[in-house]
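Asks: I have a structure here, written as structure tokens, and I will follow up with some questions on it.
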Amino acid sequence: MKTELLGQEKNIVRIKLDIEAAEFTKALKKTLNELSQQVSVPGFRKGKTPRSILEMRFGKEAIYNEALENIVPEQIRQMVEDYDLDVMDTPTLDLKEPIKEGQPVSCEIVFEVRPEVELPDIENLEIEKVVTEVDNDAVDKLEKRIRIRMSEIKPVERPVQDGDLVDVELTIRVINPDGSEAEDQPRKDPTKDKINLADETIRKEVREALIGKNKGDEVHTEFNVEEKHYDRELAGKHLVYKMKIEEISEYVLPEVNEEFYKNVFGAETDIKDYETFRARLKEDIEKEVLTTTQQDLEERAVEMVAKNSKLEIPENFIARQARAFRKSDEDWAKDNDITLTQAYALDTEEGKKGYEKLLNERAENSVRNVLVMDELAKKFDIHLEQADLEAEFERRATLYNVTKGFIAKNFYENPDRLDDLRGRLRWDKIVKVLLEHMKIKEVRELSENHENHHGE
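Everything in the sequence shown is counted per my numbering, starting at 1273 for the first residue and increasing by one.
And the structure:
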């Protein structure tokens, strides 16, 4: 067999494969024998079915193609090695002319290879890391949340105060950006709801509308929802709240004593006094802040390197990732008992165009990041070793108080989960090395350039 590089256009490589007549005839005989062993034809023993019968059942062209497919895989492996190809997807076979038995067979193998990536000078990239000091105010807030979670709720006969729990009959109208009412109103009919004014995430418009009002009062407020709101169905919309106050309750906070510490941390806790309790809360907050800060730093580091890398992303890569994201969005909508049309306002031409633009932007950023991270892995010779996987099994076993074997068995019995874990561990390993080579500047808050970059 002979191969010839026909050329490369962007990330598509075409290689001609010539198969000698004798080699194809040998493969054809093997294919016919295998088919004869597999099929059951009345009047013939298995393995003795005449070729003419097999051709009538399967078709001559199909048998030729089967024979070709028995030859090509090994040749493809050899091509990848000979031409040093970094293949991204399964190659395709393009048969230029019909196969003629007794004559050489010529075909083209089309490879989709990884595009070239030119990384920036990593050592000269500077990234900011936010260093946050946990103050008494943060500890106060956490203590209050814990005490509220463990408190008793007592109805009161007085106006609403900040921090109360308010039972309301709630109606919500959703208005589209163009001023029209949303087709699918989630709460067009009054529903019973509890609004916890001790919750710091309650919108100030709702909070201000309720404070000072009495049981039986009807209150009204409206506001615009942010474009990047977590609820995709409401993002960018205008909400009109109508609330009738049915009950006002206050939280009766528990006394902070040894019994309280046991209820919070468990009966075996060694916390006996208020000072130690506060120190423990501060320690927990610091751990959470450190984790969040590190995650943010890692995300911005990847984005920074990707943004400063030079590469041309093939359109088919973006289209493939966009299809995957769309499927993910459809699954999310289904899990939330809505349709993709409802979630992204796809009932209008403007909504469809906006969603497609968002989808392609997400896909392009994702593909860019993956290609850049793979190039970083090559640059720094980063590989996921079995020891890395074993260490993760050990970590999870300790975390969940089970055996390492139990964790490993669960992953090895689920190849998709195992592949996902391998991918995440490899990604984390690349990010760790990346940060070791970047300049890190500790700051109290991100500069405007770093904030804008992170939001892109």
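Don't be surprised by glycine CBs; every beta carbon is placed ideally from N, CA and C.
1. Sort Ala1507, Ala1539, Asp1465 and Val1406 by Cα distance to Glu1560 and report the nearest one.
2. Would you give the residue range spanned by the alpha helix (DSSP H) that Leu1340 belongs to?
3. Looking only at C-alpha atoms, which of Arg1640, Asp1393 and Glu1373 sits nearest to Leu1707?
4. Tell me which same chain residues have a C-beta within less than 6 Å of the C-beta of Ser1378, skipping the five on either side of it?
5. Between Gly1727 and the rest of its own chain, which residues show a CB-CB distance below 7 Å, the 5 nearest in sequence each way excluded?
6. Given a cut-off of 8 Å, decide if Val1402 and Val1642 are closer than it, judged by their beta-carbon atoms.
7. Between which residues of its own chain and Arg1645 is the CB-CB distance below 6 Å, once the five residues before and five after are set aside?
8. Keeping to the same chain, check which residues put their C-beta closer than 7 Å to that of Val1344; ignore five residues upstream and five downstream.
9. Enumerated in chain order, which unbroken segments of the beta strand (DSSP E) with a length of 3 residues or greater are wholly contained in the region 1629 to 1715?
10. Below 8 Å, how does it come out for the region 1355 to 1375 and the region 1307 to 1324: are there three or more Cβ pairs, yes or no?
11. Go through its chain and collect everything with a Cβ distance to Lys1466's Cβ below 8 Å, but skip five positions before and after it.
12. State the DSSP-derived secondary structure class of Ser1308, mapped to helix, strand or coil.
13. If you draw a straight line from the alpha carbon of His1709 to that of Lys1651, how long is it in whole angstroms?
14. What are the boundary residues of the beta strand (DSSP E) that Ile1520 is part of?
15. Kindly indicate the opening and closing residues of the beta strand (DSSP E) around Glu1281.
16. Alpha carbon to alpha carbon, what distance is there between Lys1579 and Asn1396?
17. Apply the 10 Å Cβ neighbour rule to Glu1400 and answer buried if 16 or more other Cβ atoms are within range, or exposed otherwise.
18. For the region 1447 to 1479, list the alpha helix (DSSP H) runs that are entirely contained and at least 4 residues long, ordered along the chain.
19. Beta-carbon separation of Lys1302 and Asn1342 under 8 Å?
20. Check the C-beta distance from Ile1483 over to Val1524 and give it rounded, since I have them as a contact under 8 Å.
21. Report the start-end ranges of each beta strand (DSSP E) in the region 1415 to 1442 that is 3 residues or longer and not cut off at the edges.
22. Taking the alpha-carbon of Arg1475 as reference, which of Glu1720, Leu1278, Asp1556 and Thr1493 has the nearest alpha-carbon?
23. Starting from Val1574, trace the alpha helix (DSSP H) both ways and give me its first and last residue.
24. By Cβ distance below 7 Å, which residues in the same chain neighbour Leu1277 in space, the five residues on each side in sequence not counted?
25. Per DSSP, what kind of secondary structure is Leu1718 in: helix, strand or coil?
26. Taking the beta carbon of Glu1527 as the centre, do at least 16 other beta carbons fall within 10 Å, making it buried, or is it exposed?
27. Going by beta-carbon coordinates alone, are Val1491 and Ile1447 separated by less than 8 Å?
28. Within the same chain, show all residues whose beta-carbon is closer than 7 Å to that of Asn1721, passing over the 5 residues directly before and after it, in chain order.
29. Ordered along the chain, which non-local residues of its own chain (more than five positions away) have a Cβ less than 6 Å from that of Ile1679?
30. Using DSSP with H/G/I as helix, E/B as strand and the rest coil, what is Lys1582?
31. Return helix, strand or coil for Asn1608, following the three-state DSSP convention.
32. To which residues of the same chain is Lys1413 closer than 8 Å at the C-beta, ignoring the five residues directly before and after it?
33. Does Pro1586 pass the burial test, meaning 16 or more other C-beta atoms within 10 Å, or should it be called exposed?
34. For Ala1454, count neighbouring Cβ atoms within 10 angstroms of its own Cβ and tell me buried if that reaches 16, exposed if not.
Replies: The structure says:
1. Closest option to Glu1560, judged by alpha-carbon separation, among Ala1507, Ala1539, Asp1465 and Val1406: Val1406.
2. Lys1332 to Asp1354
3. Of Arg1640, Asp1393 and Glu1373, the residue nearest in Cα terms is Asp1393.
4. Asp1290
5. A caution first: Gly1727 carries a pLDDT of 48, below 50, which makes its placement in the model too unreliable to give a value.
6. Their beta carbons are not under 8 Å apart, which means Val1642 does not touch Val1402 by this criterion.
7. Here residue 1645 turns out to be Met, not Arg, going by the sequence shown. Excluding residues within five positions, the ones whose Cβ falls inside 6 Å are Ile1702.
8. Leu1365
9. 1711 to 1715
10. no
11. Leu1437, Val1438, Asp1439 and Val1440
12. helix
13. 12 Å
14. His1510 to Val1524
15. Lys1274 to Glu1281
16. 14 Å
17. buried
18. none
19. yes
20. The pair is not a contact, with the Cβ atoms about 20 Å apart (cut-off 8 Å).
21. 1424 to 1427
22. Thr1493
23. Tyr1546 to Lys1579
24. Only Ile1287 and Tyr1355 meet the Cβ criterion.
25. coil
26. Answer is exposed; the Cβ neighbour count stays below 16.
27. No, Cβ-Cβ distance for Val1491 and Ile1447 is not below 8 Å.
28. Cβ within range, chain order: n/a, list empty.
29. Phe1665, Arg1668 and Ala1669
30. strand
31. coil
32. Glu1472
33. By the C-beta density criterion, Pro1586 is buried, having at least 16 other C-beta atoms within 10 angstroms.
34. buried
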